[in-house]
Amino acid sequence: MTATSTPAHTLYELRFDHDPEFYAGPNGWKVHLSLLRKQVPYKVELVNFLQLQSTIRERHPVAGGGPARITSPALEITSVAAADGGTHKPLLLCDSFRIAEYLEATYPDRPSLFSGVAGPADPAAVRVGKAYARLVDLGLGNSDPQWGVWYDLIFPDMQARLEPGANRDYFVSDARLGPGAYAAAMARPGKEDLVARAKASLAPVRLALAERPGEFLQGPEPGFADFVLFGRYAMVRNSNPALAKRVFDDVGEEIREWVKGGPEFEPR
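First residue of the sequence shown: 44, per this note's numbering; consecutive thereafter.
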């Protein structure tokens, strides 16, 4: 890809069988919001779990430089109208944080995903903000049941949205989740315990917002840390609206106001 080429972006987003406009997971939201914040045009191609591993793999084989494991979200970056007239191999990024890093580095003159302030981002502020956002991403935004709660909380509702068949079988398979992971998920504590843990995980977020009234998690301006939490909210809200209201509304006014501020994530 030459410096004078124009990148084109395609976001491969997970959908459910009977609801093609429904975004299935939390991580795609982080990329949607990052692209919107950076004011980068993109198109969305909806795929199910099997297509993610078959159709996209055909386009990006490991032997051809494709990633060893394809996960959602996957952002394909191609180059069009290249100045040298040549062809350039598309790049596929499959980690929401790495995608955000790519967008920050490629479009430094646009609203920052990490600095938390408007206008041109100071490199030092970006470095500090990136470390903070990554901490939120690996903690609050993680699905590891040792400390993460959101995936276990909503997994039964997500499973219920899948039609019986090969796609659902893959969704609950060891190939996708790891050996014994599905059985372990089904054997974990009941929903009331998970609801309590979810609310507890939001307590430090509420306190941080309370110390800075009118601001976002990332700072005066929204950023990737906000997108991590919004992805978890959207995952729960889309699969079980009553559960989302119960968890996010009950923690405190600061969280409720933050949720209402979601439309401000995109620059005005």
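C-beta: ideal position from N, C-alpha, C; glycine also. Keep in mind that this is a model prediction, so the values were computed, not measured.
Reduced DSSP secondary structure (H/G/I, E/B, other) of Leu286: helix
Using only the alpha-carbon positions, how far apart do Arg112 and Gln94 sit? Pairing Arg112 with Gln94, the inter-Cα distance amounts to about 13 angstroms.
Where Lys114 falls: helix, strand or coil (DSSP): The sequence given here places Thr at residue 114; Lys does not occur at that position. Thr114 falls in the coil class under three-state DSSP.
Determine, using beta carbons only, whether Asn70 and Ser139 come nearer to each other than 9 angstroms. yes
Between the alpha carbons of Pro207 and Met201, how many angstroms are there, rounded? 13 angstroms
Would you grab the beta carbon distance between Arg240 and Val192 for me? Rounded to a whole angstrom, and I think it's under 8 angstroms. About 4 angstroms; that satisfies the 8 angstroms criterion.
Going by the CB atoms, is the gap between Gly184 and Leu272 shorter than 9 angstroms? yes
Distance, Cα to Cα, Arg58 vs Pro151? 31 angstroms
Rounded to whole angstroms, what is the Cα-Cα separation between Thr114 and Glu88? Approximately 14 angstroms between the Cα atoms of the pair.
Whole alpha helix (DSSP H) runs in the region 196 to 232 with 4 or more residues, listed along the chain? Correct list: 209 to 214, 217 to 220 and 224 to 229.
Is it buried or exposed for Ala268, if we count other Cβ within 10 angstroms and need 16 for buried? buried
Sequence-distant residues of the same chain with beta carbon closer than 8 angstroms to Leu220, five excluded per side: Its chain contains Ala228 as the residues whose beta carbon lies nearer than 8 angstroms to that of Leu220, once the 5 sequence neighbours on both sides are disregarded; these appear in chain order.
For Arg255, does the three-state DSSP call read helix, strand or coil? coil
Cβ contact check for the region 249 to 266 and the region 164 to 182: 3 or more pairs under 8 angstroms: yes
Report buried or exposed for Arg141, applying the criterion of at least 16 other Cβ atoms within 10 angstroms of its Cβ. By the 10 Å Cβ count, Arg141 comes out exposed.
Under a three-way DSSP split, which group does Val238 fall into? helix
So, helix, strand or coil for Pro50, using DSSP? In the three-state DSSP reduction, Pro50 falls in the strand class (E or B).
Answer with buried or exposed for Ser244, where buried requires no fewer than 16 other C-beta atoms within 10 angstroms of its C-beta. buried
Quick one: what's Leu134 bridged to in DSSP? Ile120
Nearest to Val294 by CA position, among Asp217, Val179, Leu252 and Gly182, is which residue? Residue Leu252 is the option with its Cα nearest to Val294.
Using the beta-carbon count (16 or more within 10 Å), is Ala176 buried or exposed? buried
Which same chain residues end up closer than 6 angstroms to Ala143 when comparing Cβ atoms and leaving out the 5 residues on each side of it in sequence? Excluding sequence neighbours, Ala143 sits near Ser77, Leu156 and Phe267.
Since Lys86 sits in a beta bridge, which residues does DSSP pair it with? Thr53
Can you give me the Cβ contacts of Thr98 inside the same chain, cut-off strictly under 8 angstroms, excluding the 5 residues immediately before and after it? Sequence-distant partners of Thr98 (beyond 5 residues in either direction) whose C-beta falls short of 8 angstroms from its own C-beta, in its chain, are Val90.
Have a look at Gln82 and Ala226 and give me their C-alpha separation to the nearest angstrom. 42 angstroms
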